[in-house]
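Engineer:
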Amino acid sequence: MRTGIIIVLEELWQSAELYNFTYLAFLNDEGVLKKAFGDDVELTDGSDIIADLQNDGDIVAQGRTLNGEKMLLLGMEAEYTMADGRKSIALVVGIEMDYLEHTLFTYSDDDMVFYHIIDTDGNFVIRNKDAFRENYFQRIQERFEDFDGKTTEDYVNELRSAMDSRQDYNTAISVDGEQRHIYCSPLSENSAWYLICVMDDETMADSIKELDDLRIVL
Numbered sequence: 059m060r061t062g063i064i065i066v067l068e069e070l071w072q073s074a075e076l077y078n079f080t081y082l083a084f085l086n087d088e089g090v091l092k093k094a095f096g097d098d099v100e101l102t103d104g105s106d107i108i109a110d111l112q113n114d115g116d117i118v119a120q121g122r123t124l125n126g127e128k129m130l131l132l133g134m135e136a137e138y139t140m141a142d143g144r145k146s147i148a149l150v151v152g153i154e155m156d157y158l159e160h161t162l163f164t165y166s167d168d169d170m171v172f173y174h175i176i177d178t179d180g181n182f183v184i185r186n187k188d189a190f191r192e193n194y195f196q197r198i199q200e201r202f203e204d205f206d207g208k209t210t211e212d213y214v215n216e217l218r219s220a221m222d223s224r225q226d227y228n229t230a231i232s233v234d235g236e237q238r239h240i241y242c243s244p245l246s247e248n249s250a251w252y253l254i255c256v257m258d259d260e261t262m263a264d265s266i267k268e269l270d271d272l273r274i275v276l
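Residue numbering for the sequence shown is 59 to 276, as defined by my numbering.
(1) Answer yes or no: do Ile-198 and Val-214 have a C-beta to C-beta separation smaller than 8 Å?
(2) Where does the unbroken alpha helix (DSSP H) through Met-221 begin, and where does it stop?
(3) Quick test of your reading: Tyr-194 and Phe-182, contact by CB under 8 Å. State the CB separation rounded to the nearest angstrom.
(4) Contact between the region 136 to 146 and the region 107 to 121 is defined here as three or more beta-carbon pairs at a separation below 8 Å; is this criterion met?
(5) Leaving aside the five residues before and after Asn-228 along the sequence, list all residues of the same chain whose C-beta is less than 8 Å from its C-beta, in chain order.
(6) What's the C-alpha gap between Leu-149 and Val-233?
(7) For Asn-78, which residues in the same chain have their Cβ closer than 7 Å to its Cβ, ignoring the five residues on either side in sequence?
(8) Pull up the distance between the alpha-carbon of Asp-106 and that of Lys-145, whole angstroms please.
(9) For Val-256 and Tyr-173, what's the separation of their Cα atoms in angstroms?
(10) Please list the terminal residues of the continuous beta strand (DSSP E) segment that includes Ala-109.
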């Protein structure tokens, strides 16, 4: 049995390294993460990962190592024999937030589409390189301008309301005198994180034209 566990772990380690995961753990039925490799990680967003798992079979959470490194934790239902002989209820992997920011959210100065991931309080989980603030609602109040009859407070309230009801949100905004479009959507059915996409007016118009041309062809 012990040899079988080691073989399984070696296969999991190799798979994790392939996808740049730096943490691997098994989740038991008491909600305890049993680390297989990587630094010890503790949950930082207060989420109930067992409840998330029971809702849709997936886990999306935020963690932090003892050294303060932020981690994105992803998990799914999986039954493995752990070192103590018990069966796991999920396999959880972690990837460093810094790696995600560098890989997914690094753009040149010419890029006109920007992405952020925020939590329900507006705090940045992952942010574009120019978002030096800690909270997206604060960013709206400081950078957005009154536009089309809406104040910056209106934008914050509308976005909060959409997130509270787990609805998609989109609107036109003005930043530095330029019109842009903002789109917000939940990352998943049970996740407390939201994807924010911001693009300039020209990029939005080009995207709509491409979709319209495709519709005509079809």
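Every residue, glycine too, gets a C-beta built ideally from N, C-alpha and C.
Structural biologist: Put simply:
(1) yes
(2) 210 to 222
(3) Tyr-194 to Phe-182, Cβ: 6 Å. Contact.
(4) With the rule of 3 Cβ pairs closer than 8 Å, the region 136 to 146 does not count as touching the region 107 to 121.
(5) His-239, Ile-240, Tyr-241, Cys-242
(6) Cα-Cα distance, rounded: 43 Å.
(7) Ile-153, Tyr-157
(8) 20 Å
(9) Answer to the nearest angstrom: the Cα atoms are 6 Å apart.
(10) Unbroken run through Ala-109 is the alpha helix (DSSP H), 107 to 114; no beta strand (DSSP E).
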